[in-house]
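As structure tokens, the structure follows; a few thoughts come after it.
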Amino acid sequence: MNNLSRIVQIVWLVVAAVCSFEAYMVFSTGVEDKTSGWLFTIVGIFAIVRYVMLRRSQLKKENKID
């Protein structure tokens with residue numbers, strides 16, 4: 091189970107990285123409609139928050155933080 095939670099954390103980090111790259115590409119090009127860029131940004135922020143929540147719960151289980 092511990093390995094599964096670590097794999098899920100890595101997946102969330104990959105999702106955040108891909109969303110950040112896609113949002114950068116949308117905002118740096120001359121596309122008139124920036125809606126997809128904002129959606130990628132929101133999903134990226136959600137992925138980072140989810141990673142932090144999973145990491146904190148893992149550290150609490152290991153008694154490394156209060």
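The sequence shown begins at 91 in the working numbering and counts up by one. Note that the Cβ used here is the ideal one computed from N, Cα and C, for glycine as well.
Cβ-based neighbour list, Trp102, same chain, cut-off 6 Å, excluding 5 preceding and 5 following: Ala137, Arg140 and Tyr141
Three-state secondary structure assigned by DSSP to Val121: coil
Assumed close pair Leu144, Ser95 - CB separation to whole angstroms, cut-off 8 Å: About 6 Å; that satisfies the 8 Å criterion.
heavy atom of the ligand ADP below 7 Å from Thr119 C-beta: Among the ligands in the structure shown, none appear at all, so the ligand ADP cannot be discussed.
Cβ-based neighbour list, Ile155, same chain, cut-off 6 Å, excluding 5 preceding and 5 following: Leu149
Helix, strand or coil at Glu112 [DSSP, three-state]: helix
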